[in-house]
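Residue numbers for the sequence shown follow the UniProt record's numbering, so the first one is 1 and each next one is one higher. Note that CB positions come from ideal geometry on N, CA and C, so glycine has one too. Values in this document were obtained by computation on a predicted structure and should not be read as measured data. Let me begin by presenting the structure, written as structure tokens, before commenting on it.
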Amino acid sequence: MIYHVPWIYTPVRTVLAIWHQLTKTEIPELAKCSVLMRERSRVEETIHCMQRAGAGNLQVISDFDMTLTRFAHNGKRVPTTHNILDNRLLINEECTKKMRELLNTYYPIEIDASRSAEEKLPLMVEWWTKVHELLIQQKIRKDMLARAVKESSAMLREGYKVFFDHLAEHQVPLLILSAGVGDVLEEVIRQNHVFHPNVHIISNYMDFDHTGMLQAFKGQLIHTFNKREGALSHAAGLRELQGRPNVLLLGDSLGDLTMADGVSEPQNVLTVGFLNDQVEERKESYINSFDIVLVKDETMDVPNAILRRRVHTGNPFYARFCAK
């Protein structure tokens with residue numbers, strides 16, 4: 001007599017779905033009042049698939065200013081990498097005034113929910129170009145950057161050390177794609193003692209002459225709304241990122257959503273957006289664009305919680321059927 005075991009004939013994806021329900025663990029951090037999600041079930045499924053695929057299949061892509069760094073602390077804005085250069089060691093009072101005027105003119109445009117990315121793009125190029133021209137005129141010395149960072153009120157988000165150390169421990173590449181100033185960005189990370197070998201940075205880097213004086217900025221200008229081009233042109237050349245189809249993407253702007261476009265054959269991409277400013281005006285567009293939206297959350301609690309769930313060695317068989 002032959003006995004048939006019914007579940008053997010159950011489709012693989014159905015078995016995986018049942019297994020997901022039996023083995024999934026809740027993430028309490030996702031229940032915080034600052035967390036918004038359009039499709040919680042999809043978020044949970046993606047996290048579970050990334051977890052089962054393991055650390056060897058994951059990479060993290062992140063913006064820097066107002067994403068890895070705080071937006072505000074004790075009611076005051078935390079400086080961006082460009083703002084850190086607003087230091088008497090580096091620039092004069094007239095330059096400071098002009099840079100603030102540019103900020104007051106262009107930042108409202110950058111976060112204006114009523115304008116399209118296409119409309120904003122040339123204005124962002126205009127803004128960054130003018131700022132860089134002002135900085136070049138100041139003849140900034142390379143050997144003064146570390147001191148300027150040290151004297152600034154720059155702050156990474158609460159929980160940053162757990163975030164950076166965890167990724168380094170499990171050899172997960174962290175690609176930081178920033179429209180800020182790369183030299184300053186590196187110094188902030190270095191002074192916080194988290195510049196690990198797995199950290200890779202694409203940003204606007206200064207070009208110093210043989211005397212250590214700023215003479216230009218290197219390469220293509222990177223701004224909020226052309227990060228796709230930066231990702232495509234640089235990420236493909238980073239060997240450490242190859243063969244890692246699962247992506248945790250962190251940003252604070254809708255323009256950051258294109259940062260994963262350089263990933264070869266992505267399978268699971270989970271996007272986390274920090275909504276720092278003009279919440280009511282931008283909430284709907286962020287919820288419709290990011291998988292997870294963090295409203296005025298100055299911590300890395302949610303990214304850290306997600307990463308804690310995917311440190312397993314992984315199961316290639318399961319990962320294959322989780323691929324989108």
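With distances taken from CA atoms, which of the options is nearest residue i?
i: L68; options: L177, L134, T96; result: L177
i: F225; options: L145, V269, V125; result: V125
i: V199; options: E186, K97, T96, L135; result: E186
i: N256; options: Q267, S264, L275; result: Asn is not the amino acid found at residue 256; the sequence shown has Asp there. Selected option, being the one with the closest Cα: L275.
i: N87; options: M66, D63, A146; result: A146
i: R282; options: I109, E94, E29, H82; result: I109
i: G56; options: Q242, Q191, E118, I27; result: Q242
i: M66; options: I47, I111, K130, P28; result: I111
i: L250; options: S114, L175, S116, M99; result: L175
i: L134; options: P28, K32, E118, T96; result: T96
i: N74; options: N304, P303, E298; result: E298
i: K218; options: H132, A113, A117; result: H132
i: R70; options: D277, L307, P28; result: D277
i: Q267; options: R40, H48, P28, S41; result: H48
i: D209; options: R228, D143, V263; result: D143
i: S62; options: R308, L307, D252, V293; result: D252
So residue i and residue j are in contact, right, with Cβ under 8 Å, and what is the actual spacing, rounded?
i: L254; j: S285; result: 7 Å
i: H163; j: M300; result: What sits at residue 163 in the sequence shown is Phe, not His. About 5 Å; that satisfies the 8 Å criterion.
i: V302; j: L123; result: About 32 Å; that fails the 8 Å criterion.
Using a threshold of 8 Å, state whether the C-beta atoms of residue i and residue j are closer than that.
i: V188; j: V60; result: no
i: M155; j: V78; result: yes
i: L221; j: W128; result: yes
i: L90; j: R244; result: no
i: T81; j: F64; result: yes
i: V279; j: V295; result: yes
i: D183; j: Y205; result: yes
i: L85; j: V194; result: no
i: H196; j: A179; result: no
i: V43; j: D291; result: yes
i: L270; j: H166; result: no
With respect to the beta strand (DSSP E) encompassing residue i, which residues constitute its N-terminal and C-terminal limits?
i: D207; result: 206-208
i: N198; result: No beta strand (DSSP E) contains N198, which DSSP labels as neither H nor E.
i: Q59; result: 58-62
i: F71; result: Per DSSP, F71 belongs to no beta strand (DSSP E) and is neither H nor E.
i: F217; result: 214-217
i: F274; result: 268-275
i: M37; result: 35-37
Hey, could you find the ends of the alpha helix (DSSP H) residue i is sitting in?
i: V131; result: 117-137
i: L185; result: 182-191
i: N104; result: 93-110
i: L307; result: 301-308
i: V43; result: 40-53
Hey, is the stretch 49-56 in contact with the stretch 27-37, meaning 3+ C-beta pairs nearer than 8 Å? At 8 Å Cβ cutoff, the stretches do not touch.
Three or more C-beta pairs closer than 8 Å, one from the stretch 99-111 and one from the stretch 138-150: is that the case here? no
Three or more C-beta pairs below 8 Å linking the stretch 209-219 and the stretch 134-146: yes
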